[in-house]
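Here is the structure we will look at.
In the working numbering, the protein residues as written are 260 to 1118.
Structure below.
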């Protein structure tokens, strides 16, 4: 038997959907999420926030997650009060959740009553909420009750209804006035779709509002039933209200005592705006949308992230981007359409098609793209992770492959985990910059790409800097789970790999999380060591941010099982330090205002004790930017602007707080996000797979670390006529009146340089120990080892801590580190070596370095 053309197309359509993870659901299901069923029922997407205890409503069209109405339920650090709200929503044909939260009752009510949740069938009979099995019917309604946040005497019940075959969620809000006064309520909805990729607007003629993320292939549509929908205010909290000609705040409902008023909305999604526009066109009519699939392919594989503009006659319905398999899936009303296809490295293509009453599936074969194919290896021809930049020259535009939140092709950069990739690129001339962090030489070459041509980039990057006995580490990075950015977490890990970071804990805001899954996905578990951790992020800013690792992760639970924040920074850091039954961990204070912690709690410039109790729980403290060590802050600087952390850290050392310093990128986006700050840690590991987290904790606690933007700085102290043991950074050395010397060695790869070395004694520049290329040209070279000297020290009269710093004054990291971080100087700062002169153990001298300390008299 031969299939008819339309049935054949529909069969192809279902086959393609099955490849994307779609599975048919009969009727409607309501399923409570458990640890056992999580992976099977929670939809996919970058912004998934479902946890155990939440609810999935799904049919054959959409999958919805509604947060259980429990006190304190939050989707992430910045999306809070989500109990009873829609936190995940995606089409089943291509699961790509990008929703943070949809609030059908706006910001008016809080839903934190677990016992209020009910589930009903189409005939209005109730399900057993505690049922352990999936609940099924042709229609299911889930209701939750909430209280008014302002305490005006009203309450609300939100009822979500999903029907068999329905591609949207009906959301009814019933407001009841339980008080004695008439209340004026503005029907309100609220939406969180975060990040600059989202384009939002109302389509007045259709009565809908949309939020569109083309790159990650998700567009949300909202209708306020029977009303013209308008946005109220601006900002990331999108508030939507019913339009009123006479009131800019929106149309009001008068709710008399004992009376109930309703408003209803509908929420849907599609891969792009054309599907949402088509859905809007069917509202209030008997018209229906029809599934349409377009597959773009070529002899060089699926065509991903092609931009397709859909037109129906003269009407532009919007742009969509093809997914990783070259598919575009949408829903359209009947009519004749034109799809204009533009893809990097290819000629424009026009495709015309017609939608009638049955699903349509078309496949288009495009000509091969002009592209580059890279093979990046080390000196032994072993593939390595790499960052490859393409800069247009001789009139060629610099390419833009994707947004700064993407995984691999980001702006004009391609990141790869194993040295190999193939990337479409427009014809033209390019400068190509290939790198793998500061221990490897970079290679810069020029390339001309011809139309339709395949051009190979073959590079060997030698590891010229010898870091034996040390590992490079980054202790502070972020991605989308943090809630204050939308960067793909796999992209963050790929950043770290390409920049040759060898150890990086996962430190998302207020969520214990892991990089292990991303490393597995990238096949790079041997290339970077990691552990679970978090950044506990409270207020006041900037002092109440602390990282900790390792922390035990409880997958799919609120905050990954991590601790809550506290308004008191001392209580918060203590809670973090004692978490997991006081298990060993590194506790790091992030980007602090150190004078505020030490003694100026309210930043009024008067000593008040500050939050100095925090210092008792810090293992390490962030003190970037490292170049500030060469600057002394002005006496007149405002208390809130005391950001020279290097200087104030040396003041802390002089008060006896031996808290080692670290520098980290705090990266939030994936365009040159990682790599431009790092720490070198003493380590017995010869490869990343041998790195011990226990040893990392020990090294951090003992300050055996060097901070850098790239140069590799080694510092040691030699006593006993220069033939004794070499004492490293972080050590305390009983020196007495013996002669000693500092061994200083600095290595740089071929893309950065230094020209100054300075020794600091108790935080002050040591006289006679400032060496520059101009003053001491014989001390410096142009080889990999830029500086290697044994520097005779003077005799010290008091206990002294010694810090060595190096910088490339007037120099920059340059294009290897991108347009922003490339403007920074090459600089490295070693943690102190402590000299005990009198045999009584190291005692700090209390020197304020010329800037008065914010201390109470009895401190």
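Every residue, glycine too, gets a C-beta built ideally from N, C-alpha and C.
Exercise. Using the C-alpha atoms, what's the distance from residue 691 back to residue 913?
Worked result: 47 Å
Exercise. Considering only residues of the region 1028-1105, which uninterrupted beta strand (DSSP E) runs meet the minimum length of 3 residues and lie entirely inside it, listed in chain order?
Worked result: 1044-1051, 1059-1066, 1086-1089 and 1092-1095
For this session: Rounded to whole angstroms, what's the CA-CA distance from residue 733 to residue 803? Just pull it up for me.
Result: 20 Å
Exercise. Going by C-alpha distance, which of 545, 858, 1035 and 504 is nearest residue 871?
Worked result: 858
Problem set entry | With 16 other Cβ atoms within 10 Å as the buried cut-off, status of residue 1113 | Label assigned to residue 1113: buried.
For this session: Return the chain-ordered list of same chain residues with a C-beta closer than 8 Å to the C-beta of residue 993, the five sequence neighbours on each side being excluded.
Result: 1095 and 1098
Problem set entry | Alpha-carbon to alpha-carbon, residue 839 and residue 377 | 36 Å
Problem set entry | Straight-line Cα distance separating residue 906 from residue 890 | 8 Å
Exercise. Is residue 649 helix, strand or coil when you go by DSSP?
Worked result: strand
Exercise. Tell me the DSSP bridge mates of residue 574?
Worked result: 571.
Exercise. On the three-state DSSP scale, how would you describe residue 435?
Worked result: strand
Problem set entry | Reduced DSSP secondary structure (H/G/I, E/B, other) of residue 413 | Per DSSP, reduced to three states, the secondary structure at residue 413 is strand.
Problem set entry | Proximity winner among 592, 740, 474 and 509, relative to residue 487 (alpha-carbon distances) | 509
For this session: Could you say which of 762, 318, 789 and 706 lies nearest to residue 771 if we only look at CA atoms?
Result: 789
Problem set entry | Length of the line joining the Cα atoms of residue 1065 and residue 1022 | 15 Å
Exercise. Of the choices 915, 1043, 699 and 1004, whose alpha-carbon is the least far from that of residue 1106?
Worked result: 915
Exercise. How far does the beta strand (DSSP E) with residue 379 in it reach, from first residue to last?
Worked result: 377-379
For this session: Compute the Euclidean distance between the alpha carbons of residue 924 and residue 932, then round it to the nearest angstrom.
Result: Between the alpha carbons of residue 924 and residue 932 lies a distance of about 7 Å.
Problem set entry | Candidates 792, 574 and 679: closest to residue 768 by CA position | Ranked by how close their Cα comes to the Cα of residue 768, the residues 792, 574 and 679 have 792 in first place.
Exercise. Cα separation between residue 287 and residue 396?
Worked result: 5 Å
Problem set entry | Between the CA atoms of residue 602 and residue 712 - distance to the nearest angstrom | 15 Å
Exercise. Between the Cα of residue 666 and the Cα atoms of 392, 468, 1058 and 778, which residue gives the shortest distance?
Worked result: 778
Problem set entry | residue 610 CB to nearest heavy atom of the ligand GTP below 7 Å | As far as ligands go, the structure on display features none, and thus does not contain the ligand GTP.
Problem set entry | Start-to-end residues for the alpha helix (DSSP H) that takes in residue 923 | Here residue 923 belongs to no alpha helix (DSSP H), and DSSP marks it neither H nor E.
For this session: Between the Cα of residue 522 and those of 591, 574, 448 and 587, spot the shortest distance and give me the residue it belongs to.
Result: 448
Problem set entry | Within the region 934-1008, ranges of the beta strand (DSSP E) (whole runs, at least 3 residues) | 937-941, 964-967, 971-978, 985-987, 991-993 and 999-1006
For this session: State the Cα-Cα distance for the pair residue 354 and residue 590, rounded to the nearest angstrom.
Result: 15 Å
For this session: Report all residues from its chain with a CB closer than 8 Å to the CB of residue 408; omit the five preceding and five following residues, and keep chain order.
Result: 366, 367, 368 and 369
Problem set entry | Unbroken stretches of the beta strand (DSSP E), 3 residues or longer, contained in the region 435-522 | Taking only runs of at least 3 residues, the beta strand (DSSP E) segments lying wholly in the region 435-522 are 442-444, 447-451, 458-462, 467-472, 477-483, 488-491, 497-501 and 512-514.
Problem set entry | Segment limits, alpha helix (DSSP H) that includes residue 297 | Going by DSSP, residue 297 is part of the alpha helix (DSSP H) stretching over 297-300.
For this session: For residue 280, count neighbouring Cβ atoms within 10 angstroms of its own Cβ and tell me buried if that reaches 16, exposed if not.
Result: With a pLDDT of 40 at residue 280, under the threshold of 50, the modelled position of this residue cannot be trusted, and the question is left open.
For this session: Please determine if the region 1079-1087 and the region 1020-1040 are in contact, where contact requires at least 3 C-beta pairs separated by less than 8 Å.
Result: no
Problem set entry | Member of 892, 1046, 1090 and 880 whose CA lies at the smallest distance from the CA of residue 941 | Checked all of 892, 1046, 1090 and 880; the closest Cα to residue 941 is 1090.
Problem set entry | Inter-residue Cα distance where the pair is residue 1110 and residue 865 | 14 Å
Exercise. Helix or strand or just coil, what does DSSP make of residue 889?
Worked result: helix
For this session: Would you tell me roughly how many angstroms separate the C-alpha atoms of residue 951 and residue 315, rounded to the nearest one?
Result: 40 Å
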